[in-house]
Every structure is written in C-alpha cells, then in structure tokens.
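Below you'll find the structure, written out as structure tokens, and then a few comments.
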Amino acid sequence: LKFLSDGLMEDQLETTEDFQGLQLEVGAWAAGLEGLSEEPCGQLLGGLGQVLQDEHALEALEELLERGLCGGQVEPQDGPVGAILECLVLPSRQLEEELAGPVSYLLGALAVLSETQHVLLAEVLEMGALSEVFRLVRSLLEQSSPWQERRAVSLPPELLGSSWGAEAPSWVLLEECGLAPQAGDPQVCWEPEARCCTSALYACLALLSKLSPP
Amino acid sequence: SAFERVVKSVVQELDHSQELTPVNSLWSSAGFQPYCLLGRRPSSSWFWRPRYKCVSLSLRDILEPDAPEPAVEQDSPFHFHETMDGQLKGSVKLAVPGQGKISGKAAGSSSSSASVNVCMLRVAPSTWEAMRRERRLRKPEHKILQQLRHRGDDVFVVTEVLQMQKEVEITQTHKQEGSGQFALPGAICLQGKGQGHMSRKKTVTIPSGTILAFRVAQLIIDPDWDILLFPNKKQRTFSGPLQAGRTGPGSQPEPSLRVSDQ
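Residue numbers (this note's numbering), protein chains in the order written: chain A, 1089 to 1302; chain B, 2 to 263.
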C-alpha cells in the first residue's frame, strides 16, 4: 500500500507540473498575504527591495525566518531584515505563521534565482514595473505549458516596453533562467530545463505583486 | 555572471543527462570538494528544489576515526574551447492614440571566448562501501549535524566534481548601439532624435582547482550512517522526533521510507 500510494503521488506530481499547477501552488501561498493592510505591505516590500541588493542580508533573513518557523523567538534586528521581521512577529516575539510562511516561500523561490536576478528584481520594484514583468513571465509560462518541449513562444509586445533588448531587465531575468530571448520578432525559445528557474521567478513576481499597491 | 556562463557552457557540453549540479559562484566553489557535506532544506514547492548549501564540514568531521578521506579517481582531462560572437538587432515602434509616436532601433553585439581544461574527480562506489563498513559516526554527534537535524534539512556528500585544471582568464565584451526618434503632437509640436552607444567588458580569472559542477549522494543518519548514491525524493536524512521540516501550506511531514524497510 505504501508503494502504491507513493506511486500515485509521483503520478500526481507529473500532472501538476504545468502552469495550472504552478498557479494553484503560488495562489495558495499568496492567499496568506491577503489579510495584510497597506502599511505592513509597504514596509515588507521596501525591506525586500533592500535585501534583494544584499546577498548577506537575504541569507540572514532566510536563516532567521527558518529559525522562527521552527518555534524560536525572533530577536529584534537592525536594518531592512529587522523591518521585514517586525511585520511578521506577534507581541510574544513568535512568528505569525500565516504571514511568515508565504514570505519564507518567497525566499525559497528567490534562492533558486541568481544574484543578478535579485538585483534586477529590486530594480523592477523601484521602477514600478513589477506588473508588466509579472504578466510577461506569466504569459511565457502559460504559452509554453506543459513545458516538456522546446518551442518558440511569442511575447506580447505591449508588455515589452520600448527598451526591449539585451539591457532590458525582463530580458536579462529570462536569460538568467536559461532562456534565449530574441529582439526582432519578440519571442523566447522555451527550454524545458529552464522550468524550475522560470517557475521560481514567476512565484517571486506573483508574491511581490501581491504586496504591491494595486 | 561570466563565471556562471562558463560553468553552464561546460556542463551543457559534458553532461547531457544533467546529473551534475553547476556551482553558481566562484566564491562558494571551494565548499564543493569531494567528501564535503552539503545541506538542503526540504522543498516548499513542487516546482523547484532549494539549492545545496555548504555546511563547512567534510565526511571525516563526522566519522571515527579522524583519518584522512581516501583518494579520489581522476579521469583524463577534457579541453574545452568556445568562442561566441553574436549580433542582435531589434526595432520598436509605439503609437499611443492622441499622444504621439516613438520609434527606435537597437543593435548589439557580444563576444566571449573561453578555453578551459577540466577533469572529473570521483569517489569510487567501492570506497563508499568500505567506509560505511569500517567507520562509525562520531559520538556525540557533531554540533552542525545536530543543527541540521533540528531544522529538518537533508544532508548530502559530494561524490563527483568537475574541476578546473589550469587557471583561466575569461573576458566578455558587449557592445550596443541605438537610435530613436519621437514626435509629440499638441499645441507645441515637439520632435527629437537620439543616438548612443555603449561598450562593456568584463574579465574574470578562474583559478586552477576551482570546482565547476558536482554530484551528490544523500546521507542517511539514523542511528548510524548510510549513503544513497541515487537519492530518493522521499528519503530524508534524519527521521527522528527532532525533525522539523516543512513542505507546504498546511502540509504534513512526509513519511520516510528507510532502506532497511525495503
């Protein structure tokens, strides 16, 4: 019975590894952030924008959050890490799991991305272009789903902006996932090997968008 | 980064089955030597696995006696040379009703060249078997292992690496040119043109001995140690009551299947 149920789980894993499955998973985590009001959202987003540019701070935050989620008390911290943690702690200094869970999931997704991508995400946040980049990555993952085959995917021109090219943040974000964006006829050649990184990028953008003002 | 590009390129060429995990930074490369231990958090996603993290321990640090690790086997070296010279061209036209037009062209070229000597170092499967038979886990358990156990992380040992044989300097150049014009209608007609170019050069030196990619086996610690040369998604390193791993929103810890149960 154990082996049969394990086998069944493997089958389910295969069928959920497509865009619909990803949307469900990310949606489930993002739902945890729904109750947050505007002020802590802004504080979280501001702090995340800063730690994205500092790998050590990002690692420290991940570590402290992990410890907190294992039941430990969260000591007050300085800087952006402290600002983020203050949004997630209860008066008892224990983490509020419903909020800390999604943030920990976001940090897990960020850990799959490269340092270059972290800096670019911070740039995109600062430029206020999160929504366009999110919709671009969503469109790419949706069109290439179920992700097992190489194929050319056209990108919606309205999401590319006037500077679509090798220096554009969204271009580099995709390139760093192992994809090859093209300029002339805006498209990306989908590579099945890029699915983990692109899915993680999608999750990061989705959760950051959830924290952003509409 | 230039280092990541070289690693990706070499790994793609030498490892079609994608069994090797590329090292993502030159800085962390030293922590992926054969016999080094790596930690990994349980995944909170179906779609990606967390990265392996160096835990600053080698297998000798957790085993008795404190003897050096057995030597590793070395394959004959590969020579890898790649020159990339690419041209990129693009144009964009935007017309917003009632607001004007913007048009632009961009052309870019990038080039890079890499010539590297690499070799595979691996621990022979028979070595693992002998070590497992002859060496026991140190008591008390190493502090770092205790921490990993408490966090519910899994522990892996590096079994095979792709290593640089000679120091190499990689240079990447990127050139871009662009021009554009815009016209904004209204009471005052505004038109303009712009042109520019940019050149970027990046050089990185990768020292001899740098690990570019690695392969792992999973450690099983309960109560003594074992090794899974083909890690099983559902097998966990520690399966004691202290394990505190999380896998998803509202999820239960996965029941672990032990080798002896099979």
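Note that the Cβ used here is the ideal one computed from N, Cα and C, for glycine as well.
Local Cβ density within 10 Å of residue i, reported as buried at 16 or more and exposed below that
i, result
"B:Arg41", "buried"
"A:His1144", "exposed"
"A:Glu1214", "exposed"
"A:His1206", "buried"
"B:Trp226", "buried"
"B:Pro23", "buried"
"A:Ser1125", "exposed"
"B:Cys190", "Confidence at B:Cys190 is low in this model, with a pLDDT of 48, below 50, so its placement is unreliable and the value that follows should be read with caution. Exposed, since its Cβ has fewer than 16 Cβ neighbours within 10 Å."
"B:Phe4", "buried"
"A:Ala1256", "buried"
"A:Gln1100", "Residue placement at A:Gln1100 cannot be trusted, given a pLDDT of 47 that sits under 50; the coordinates are not used to answer."
"B:Ser45", "buried"
"B:Arg237", "buried"
"B:Phe48", "buried"
"A:Ala1291", "buried"
"B:Gln219", "buried"
"A:Met1097", "In this predicted model, A:Met1097 has a pLDDT of only 47, less than 50, meaning its place in the structure is not dependable; the value taken from the coordinates is given anyway. Label assigned to A:Met1097: exposed."
"A:Glu1150", "buried"
Bounding residues of the alpha helix (DSSP H) (the contiguous stretch that carries residue i)
i, result
"A:Val1191", "1185 to 1200"
"A:Leu1262", "1257 to 1264"
"A:Lys1298", "1283 to 1299"
"A:Gly1128", "Per the sequence presented here, residue 1128 of chain A reads as Pro, with Gly not at that position. 1126 to 1139 is the span of the alpha helix (DSSP H), which, as asked, contains A:Pro1128."
"B:Val7", "3 to 15"
"A:Phe1222", "1218 to 1232"
"A:Val1212", "1203 to 1215"
"A:Val1114", "1107 to 1118"
"A:Val1177", "No alpha helix (DSSP H) contains A:Val1177, which DSSP labels as neither H nor E."
"A:His1144", "1143 to 1157"
In DSSP terms, what residue i is bridged to
i, result
"B:Ile222", "B:Trp226"
"B:Gly40", "B:Lys54, B:Val156"
"B:Ala115", "B:Glu83"
"B:Ser59", "B:Cys37"
"B:Met121", "B:Leu163"
"B:Gln75", "B:Leu122"
"B:Thr206", "B:Glu170"
"B:Phe215", "B:Thr22, B:Val162"
"B:Leu138", "B:Leu64"
Integer-rounded CB distance, given that residue j should sit under 8 Å from residue i
i, j, result
"B:Val7", "B:Ile171", "6 Å"
"B:Lys202", "B:Thr174", "5 Å"
"A:Leu1157", "A:Ala1188", "6 Å"
"A:Leu1152", "A:Gln1165", "7 Å"
"A:Leu1228", "A:Leu1243", "7 Å"
"B:Val119", "B:Val217", "Not quite, the Cβ-Cβ distance comes to about 19 Å (not below 8 Å), so this is no contact."
"B:Arg150", "B:Phe239", "4 Å"
"A:Glu1186", "A:Leu1178", "In fact, because the Cβ distance is near 11 Å, the residues do not count as touching under 8 Å."
"A:Leu1372", "A:Ser1300", "As displayed, chain A neither begins before 1089 nor continues past 1302, which places residue 1372 of chain A out of reach and without an answer."
"A:Gln1275", "A:Val1221", "At roughly 17 Å, the Cβ-Cβ gap does not stay under 8 Å, so A:Gln1275 and A:Val1221 are not in contact."
N- and C-terminal bounds of the beta strand (DSSP E) containing residue i
i, result
"A:Trp1278", "1275 to 1278"
"A:Gln1270", "1268 to 1270"
"A:Leu1240", "It should be noted that the sequence gives Ala, not Leu, for residue 1240 of chain A. Taken as a continuous stretch (DSSP letters only), the beta strand (DSSP E) holding A:Ala1240 covers 1239 to 1242."
Tell me whether the segment 1150 to 1167 of chain A and the segment 1127 to 1134 of chain A touch, counting them as touching only if at least three CB pairs, one residue from each stretch, are closer than 8 Å. no
Count the CB pairs spanning the segment 1282 to 1295 of chain A and the segment 1104 to 1116 of chain A that are closer than 8 Å, and state whether there are at least three. yes
Flag this pair as touching only if the segment 154 to 164 of chain B and the segment 27 to 37 of chain B have three or more C-beta atom pairs under 8 Å; answer yes or no. yes
Would you call the segment 200 to 218 of chain B and the segment 26 to 33 of chain B touching, i.e. three or more CB-CB distances under 8 Å? yes
Decide if the segment 1186 to 1200 of chain A is in contact with the segment 1253 to 1260 of chain A; the criterion is three or more beta carbon pairs, one per stretch, under 8 Å apart. no
Does the pairing of the segment 1179 to 1196 of chain A with the segment 10 to 21 of chain B give three or more beta-carbon distances under 8 Å? no
Please determine if the segment 1225 to 1241 of chain A and the segment 1165 to 1179 of chain A are in contact, where contact requires at least 3 C-beta pairs separated by less than 8 Å. no
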